[in-house]
Every structure is written in structure tokens, then in C-alpha cells.
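All residue numbers for the sequence shown refer to the working numbering, where the first residue is 368 and numbers rise by one. Heads up, the beta-carbon is just placed ideally off N, CA and C, and yes, glycines get one too. Encoded as C-alpha cells, the structure appears first; notes follow it.
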Amino acid sequence: MKARHLTVLLVLLVAVLFAFPGNRAMAEEPIVIGCPLSTAFLYGWDAERGIKLAVEEINAKGGVNVGGKKRPLKVEVIDTRDLEPGVPVSEALLAVEKLILDKKADFILGGPVRSEAALAAMSLLSKYKKVSIVTTGVLTPKYHAMVAKQYDKFKYCFRIHGEARQLVGEMFANFSALKKKHGFNNLFIIAQDVSHARGAAKVMKKVALKKGWNVTGVEIYPTGASDFSMGLLKAKKTKTEIINIWMDMPESSILLKQWYDMKIPALPFGSTLAAAEQPGFWKATEGKGEYTLCNVVNAGNAPSEATPWTMKFYNAYAKKWNVEPEGLGSSSSYMAVYVLRDAIERAGTLNSDKVVSELEKTDVMGVYGRLRFDPKSHQVIPSMDPKEGAVGTVLQWQAGKRIVVFPKSIATGEIKLPPWMKK
368 MKARHLTVLL
378 VLLVAVLFAF
388 PGNRAMAEEP
398 IVIGCPLSTA
408 FLYGWDAERG
418 IKLAVEEINA
428 KGGVNVGGKK
438 RPLKVEVIDT
448 RDLEPGVPVS
458 EALLAVEKLI
468 LDKKADFILG
478 GPVRSEAALA
488 AMSLLSKYKK
498 VSIVTTGVLT
508 PKYHAMVAKQ
518 YDKFKYCFRI
528 HGEARQLVGE
538 MFANFSALKK
548 KHGFNNLFII
558 AQDVSHARGA
568 AKVMKKVALK
578 KGWNVTGVEI
588 YPTGASDFSM
598 GLLKAKKTKT
608 EIINIWMDMP
618 ESSILLKQWY
628 DMKIPALPFG
638 STLAAAEQPG
648 FWKATEGKGE
658 YTLCNVVNAG
668 NAPSEATPWT
678 MKFYNAYAKK
688 WNVEPEGLGS
698 SSSYMAVYVL
708 RDAIERAGTL
718 NSDKVVSELE
728 KTDVMGVYGR
738 LRFDPKSHQV
748 IPSMDPKEGA
758 VGTVLQWQAG
768 KRIVVFPKSI
778 ATGEIKLPPW
788 MKK
């Protein structure tokens with residue numbers, strides 16, 4: 368009798384498994400995605416949220432098809448703390464190695480977030496032959512340059528979002544438009560004392576002078592600085608019209624509040640400006656962030672109709688996390704999971720070299736446009752048109768909302784000047 372009952376139970380169990388294919392996928396060994404992220408900071412937590420959202424969607428549809436077997440994705444996150452002031456790069460490297468050795472990560476997505484830490488981690492990824500897709504932070508051009516220079520060693524490293532030189536080009540496209548419309552010619556640069564920002568400030572100054580701009584000053588502030596009044600006064604005294612800002616620290620919101628209170632007659636334009644990227648910026652500055660512009664690097668990090676997928680992602684992110692996509696790292700981290708899934712399914716295996724080969728063939732329409740990697744440098748290919756490449760986004764805070772003002776192909780509004788500049 369017991370044997371008969373046991374047989375019936377087994378038959379029912381098999382029936383359930385066949386009725387719900389997703390359950391069979393969950394029974395398979397998971398594909399572990401290791402995420403080394405500075406989780407206390409914007410570019411860390413929004414990347415984690417983007418990755419987990421994509422993983423949840425993919426698992427809900429049965430997981431990843433690996434050689435005919437559906438396998439679920441599993442996310443393992445370790446806080447690298449690499450965006451915290453004074454934390455050595457070695458901590459980020461320990462996090463990456465722990466993900467690989469202890470958490471048995473099959474792939475690395477997200478960070479490390481700080482450029483210096485990501486560059487140092489490249490050799491570690493090469494040592495363990497772990498495919499990595501950088502999705503947040505890491506704006507230094509050196510990252511993809513190293514892949515191109517030493518391909519055999521660093522071929523496992525990819526970056527799916529924009530980088531500093533691309534941002535510089537986008538900035539000057541906007542500056543030129545402002546120069547043509549308002550006659551602006553004086554540029555002041557404020558940067559954080561970190562690798563990508565210092566390097567970008569030098570490039571900005573060099574390009575600006577070459578293009579005929581008058582660079583009225585360059586101020587470098589240490590990570591964690593909380594008073595920017597001296598730099599702002601210099602900008603005012605030199606009759607600056609645009610203040611270009613490169614800062615990923617949260618204290619940058621103080622800079623914008625001081626700018627507003629001092630009524631500095633110059634437009635604050637962040638190439639990297641973490642505080643202003645977030646939906647909560649308006650409340651945090653008590654509305655004093657009005658007219659601030661910032662580059663959120665890829666579409667989907669602010670509302671637009673870049674592709675049919677943009678607002679679908681935007682709304683799904685907002686529904687799951689009770690906050691709109693927050694800035695650099697949101698849409699790119701989400702898309703990295705889908706791009707990796709497609710490469711694995713085409714490869715039919717988790718073998719690193721075969722997945723690298725398939726990632727190089729990536730050509731999909733995603734949240735922020737057509738996604739392809741340069742086969743030599745593994746940098747995502749940018750464009751001003753989402754039909755041709757990964758498109759960026761510059762937004763301006765207007766009446767409490769993030770309005771996309773660049774590029775024209777996806778813009779929902781135009782740049783406005785504060786009233787004290789119009790006078």
C-alpha cells in the first residue's frame with residue numbers, strides 16, 4: 368500500500384515539473400553572477416537594483432538556456448567600498464577574489480566601481496579567466512584602451528556604458544549650442560580628486576582651449592569635501608557662464624545649493640554629477656537644484672522614448688524599487704544581464720573563451736539603443752541615434768522634474784537659464 372502511494376506521489380511530482388517548466392530550471396544548478404559594488408553609493412546600489420530586476424525577469428521566464436538545459440541566475444553581491452574616501456584599492460580586489468573563490472561566481476557584472484579599482488581588477492579577471500562586464504562608474508578611457516593594447520590578457524573585460532571621452536564630446540556638443548544661442552565663451556571646471564575626474568578635467572581644458580573657449584579656472588576638490596564657495600566665487604569673478612562639474616560624491620549636492628544661494632551667474636553642467644542624477648535631488652536641495660544639468664550617460668536613467676524598451680524598463684524599475692531609475696548604472700546594469708544571457712545561449716556553454724567570442728558578436732536593441740561592442744577594445748559602441756548605437760542622456764532639472772535635453776533624437780525639452788543669468 369505504501370509503495371502504491373509513493374508511486375502516485377512520484378507521478379504527481381513529475382506532472383508538476385512538466386506543467387511548470389520554470390520549476391525545472393530552478394532545479395538546475397544556478398549560474399552565479401558575482402557583483403563587486405560599492406553598495407553605500409548611488410553607482411553601486413542602482414547597479415545592484417538593475418541587475419536584480421533583470422535576473423528576476425529572466426528567471427520568471429525559465430532562466431538561461433545552456434546547451435538545451437534551462438538554468439536560473441543567482442546574484443551574489445559583495446560591498447567593495449571603493450567609492451568611500453580613504454578605502455584602498457586592495458579591498459575591492461579582495462571582494463572580486465572572494466566572489467570568484469568563495470561564492471563560485473561564473474561571471475562578474477557591475478564593478479568594481481571606482482576607475483582605479485576596476486583597472487587593478489583586470490589582471491585578477493585575467494588570472495581566473497572570468498568574463499566581466501563593467502556596468503557602472505569606471506569612466507576612464509584607459510579601461511578599454513588596455514583591452515585593445517593587450518587583448519590576449521584582458522579579453523575577458525567588457526564595458527557596456529559610456530566613458531569619459533564620449534562624455535567630453537557630448538558636453539561640447541551642448542556647449543557649442545549654448546555658445547551659438549547665448550554667446551557663452553567662459554568655462555570654469557570643477558572636478559573631484561579621483562582618476563577619471565582629474566583626467567577628464569585635463570581633457571576638457573585642452574579641448575576647450577582648442578575650440579576657442581576661455582577656461583577661467585580649474586578647481587580640484589578631495590572626495591568628501593563639503594565647502595565649494597571659494598571655487599564658486601572664482602567662477603563669478605571671472606564672469607564664467609558655464610561651470611563644468613566632474614563629481615560622483617554625494618556632497619556635490621552641497622555645491623549646487625551653494626551655487627543657488629550665491630546666485631552664481633553660470634550654468635552648472637555636470638558631466639558626472641551623482642547627486643543631481645537621482646530623483647530625490649530636488650527634495651534634497653529644497654528645490655535649489657533647479658536648472659542644474661547632468662549627464663546620466665545612458666538613456667533609461669531618465670524618462671524618454673529612446674527605444675520601445677526604455678519606458679518599459681523605467682516603469683518596471685520604479686515599480687520594483689519604489690524609486691525611478693537613479694542615474695549611471697541603472698539601465699546599463701539591467702541590460703548587461705540580458706546581453707550576457709544572449710551570449711551564453713548562443714555559446715551553449717559557460718566556457719569563458721566561447722562566451723567572449725559571442726559577446727563580441729552582440730547586436731541587440733536594448734533600453735538605450737543598439738548594443739554592440741568594439742571587437743578590439745570591448746567598449747560599447749556609442750551613437751547620437753539609438754538606432755545605431757548606445758545613446759547617452761543629458762538632463763536638466765526643471766520645475767522638479769528631470770527633463771531630457773540631449774541628444775535631440777530623444778530630447779523631451781530644451782535647456783533653460785536661471786533668471787539671474789538672463790539679467
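- Rounded to the nearest angstrom, the Cβ distance from L506 to L460 is 20 Å, too far for a contact under 8 Å.
- According to the DSSP assignment, Q625 belongs to the alpha helix (DSSP H) that extends over S619 to D628.
- Contact between the region 737–748 and the region 514–521 is present, with at least three C-beta pairs closer than 8 Å.
- Per DSSP, G550 is not a residue of any alpha helix (DSSP H), being assigned neither H nor E.
- Here T639 carries a strand assignment [DSSP, helix/strand/coil].
- At least 9 Å separates the beta-carbon of G401 from that of D446.
- By the C-beta criterion, the region 691–699 is judged to be in contact with the region 644–654, since at least 3 inter-stretch pairs fall below 8 Å.
- M538 and D469 have their C-alpha atoms spaced approximately 42 Å apart.
- Spanning the alpha carbons of A484 and P786 requires a straight line of approximately 42 Å.
- In terms of Cβ geometry, G453 and L404 do not form a close pair [threshold 9 Å].
- As for any alpha helix (DSSP H) of minimum length 4 sitting wholly inside the region 407–468, the runs are 409–427 and 456–468, ordered along the chain.
- In the DSSP assignment, N662 is bridged to V761.
- Beta-bridge partners of I398 (DSSP): L440.
- Judged by DSSP secondary structure, S562 falls within the alpha helix (DSSP H) whose first and last residues are S562 to K577.
- For Y588, the beta-bridge partners assigned by DSSP are Q559.
- W580 has its alpha-carbon roughly 31 Å from the corresponding atom of T652.
- Following the DSSP letters along the chain, one finds W613 inside the beta strand (DSSP E) bounded by residues I609 to M614.
- With a threshold of 16 other beta carbon atoms within 10 Å, A407 falls short and is exposed.
- It is roughly 18 Å from the alpha-carbon of V706 to the alpha-carbon of D413.
- Looking at L762, V704, K577 and V456, the one whose alpha-carbon comes closest to that of T639 is L762.
- Within 10 angstroms of the beta-carbon of D628 lie fewer than 16 other beta-carbons, which makes it exposed.
- Contact between L476 and T502 holds, since their C-beta atoms are separated by about 6 Å, short of 8 Å.
- Shortest Cα-Cα distance from F525 to any of G780, W764, S699 and I770 involves S699.
- Linking V664 to I556 through their CA atoms gives a straight-line distance of about 19 Å.
- When E755, K789, V431 and A575 are compared, the shortest CA-CA separation from S776 is found for E755.
- Here D709 is not near E727, since their CB atoms are 9 Å or more apart.
- Sorting P439, K547, K783 and A673 by C-alpha distance to the C-alpha of N426 places P439 at the top.
- Relative to T659, the option among L634, A666, T590 and K494 whose CA is nearest is L634.
- Here G654 is near G767, since their CB atoms are less than 9 Å apart.
- DSSP places R481 in the coil class of the three-state scheme, outside both helix and strand.
- Between the C-alpha atoms of K437 and N552 there is a straight-line separation of about 58 Å.
- A contact between stretches requires three or more CB pairs, one per stretch, nearer than 8 Å, and the region 610–618 fails this requirement with the region 669–676.
- For L738, the enclosing beta strand (DSSP E) stretches over residues G736 to L738.
- In the three-state reduction of the DSSP assignment, Q645 falls in the coil class, being assigned neither a helical nor a strand state.
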